[in-house]
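In my numbering, the protein residues as written are 275 to 780. Since the structure comes first, as structure tokens, the remarks are kept for the end.
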């Protein structure tokens, strides 16, 4: 961050020197405009621009002092796009808001619609639904006022998806249907079929499976472009829900090739469940391992710090606005700073050289310590993995475990006759392989006999749907019980998967 600040100081200094020595140099203005066009072209062509932060910041710095307000707004917008791709959402939101402030509303209100759409993505990514919904709605309204049909379609689509993701289903249904009507009227196929997929997902949430199946079948007739991952994920979820396992497996495997990290994560979980149903333990273990790795990677990012930064950013923006007038008055003394700028430039280069030297020296020492620490952690992890594999192998070789798996495999055909002796033997085997398992479980919270049986079955990796069959309960009841156990144990809400992960760690 310090290096970025130094880059900006050096760039501004060079600009001051250039304008002091050459006056109004039209060649520099032309060069800056060409750079603005280049980053704009790259973004519209879906080329990566995450590494263009220095270029974007130099354009913002230049147009803050020269050129039109429109060019400043465009420069700020593309700075926001760059930092969005870099997943620096605080800076991204800062430059989007700066673009809105600089925008000459009478000239290009359509750009304002695009900016608010991007602001909506920032809030949505950070799980701030109300702010995201408000931004997408505002984007749609700006596009509607300009009769920008394509912008209206995108605005309605994003607005509807955000509503659906946060269980406001009636509003979402109305918004998505309006978006589909617009795409159909304009014959925009990729958006039409993408919105059909979104509508199918919504119907699935509403448990209207016939409509969900009809909509997703139509969406699958035209799968391409950036919405492919979402369409295939929706298809796999729907087919899995309605029992079309082969179709769910097919589209899940397609997602492993082209899906986003989130899509691949859910696809591996789904494929593991399918493999378990078919008794393919080896394949199930592979998919579960990949799922856990992807899920851990996703969960490393937390919202708390970013939300705090966004809140602090509002105060920072107010301060920036107050400083704008001061910067305006400082323009008059640029000529007198020319000589001083040469000195500052020299000192800046010296400071950078010294800073890099000491930083590198410090990082070298830190790297040695980090390598040693990582080596220790790796060794510990390998030992834990070996112990875990050995325990799993012991469990798998036990007759009682095989007996319960036979019960589970045949539970769809006839009701299993599980005796108290079977349960006692299963508990004894688990406590032998995983010492004091039930004792540690009971120390967490009071558990009923049914809750204990669910924990024992999940400990030997019997799938939730088969647990439900064995205990003559619904799959939802099994999921609710695991959620309740997590909340009783840790005093906060958690998912069934989080409870299962904890059980496996005992």
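By construction, the Cβ of each residue, glycine as well, lies at the ideal position given by its N, Cα and C atoms. Please read these numbers as outputs of a predicted model, since none were measured by experiment.
With a cut-off of 8 Å on Cβ pairs, the segment 665-680 is not in contact with the segment 714-728, counting fewer than three such pairs.
Look at the beta carbons and you see the segment 737-746 touching the segment 672-688: at least three pairs across the two are nearer than 8 Å. It is roughly 39 Å from the alpha-carbon of residue 323 to the alpha-carbon of residue 557. Within the same chain, and ignoring the five residues on either side of residue 377 in sequence, the residues whose Cβ sits closer than 6 Å to its Cβ are 347 and 386. Taken through DSSP and simplified to helix, strand or coil, residue 496 comes out as coil. Contact between residue 352 and residue 306 fails: their C-beta atoms lie close to 13 Å from each other, not under 8 Å.
Restricting attention to 736, 313, 507 and 417, the CA atom closest to the CA of residue 530 is found in 507. Assignment of beta strand (DSSP E) within the segment 396-432, counting only whole runs of 3 or more residues, yields no such run.
Pairing residue 356 with residue 332, the inter-Cα distance amounts to about 13 Å. Within a 10 Å sphere around the beta-carbon of residue 311 sit fewer than 16 other beta-carbons, which makes this residue exposed. The residue from 662, 637, 734 and 751 with its alpha-carbon nearest to that of residue 673 is 734. Annotated three-state conformation of residue 573 is helix, per DSSP.
Between residue 438 and residue 446, the gap from beta carbon to beta carbon is short of 8 Å. Using a Cβ-Cβ distance cut-off of 8 Å, the segment 418-426 and the segment 385-401 are in contact, since at least three pairs of beta carbons, one from each stretch, lie closer than that value.
Here the alpha carbons of residue 550 and residue 434 stand approximately 35 Å from one another. Boundaries cannot be given for residue 768, as no alpha helix (DSSP H) includes it and DSSP labels it neither H nor E. By alpha-carbon distance to residue 543, the top candidate from 527, 427, 535 and 561 is 561. Ranked by Cα distance from residue 465, the first of 501, 486 and 487 is 501.
Going by DSSP, residue 716 is part of the alpha helix (DSSP H) stretching over 711-718. Proximity to residue 714 across 409, 777, 326 and 412 peaks at 777, based on C-alpha coordinates.
Rounded to whole angstroms, the Cβ separation of residue 443 and residue 426 is 22 Å, and the two are not in contact under 8 Å.
Assignment of residue 320 by DSSP, reduced to helix, strand and coil, places it in the coil class. Contact annotation, residue 431 with residue 472: C-beta distance approximately 7 Å; criterion of less than 8 Å satisfied.
The distance from the Cβ of residue 545 to that of residue 521 is about 13 Å, inconsistent with a contact at the 8 Å cut-off. Shown here for residue 359: same chain residues with a beta carbon closer than 8 Å to its own, the five before and five after excluded, namely 322, 323 and 324 in chain order. For residue 748, there is no enclosing alpha helix (DSSP H), since its DSSP letter is neither H nor E. Looking from the CA of residue 344, the closest CA among 375, 302, 675 and 410 belongs to 375. With contacts defined as CB atoms closer than 8 Å, residue 769 and residue 757 qualify as a contacting pair. Here residue 706 carries a helix assignment [DSSP, helix/strand/coil]. Here DSSP, grouped into helix, strand and coil, assigns residue 686 to coil. Secondary structure of residue 480 (DSSP, three-state): coil. Per the coordinates, the alpha-carbon of residue 409 lies some 5 Å from the alpha-carbon of residue 394.
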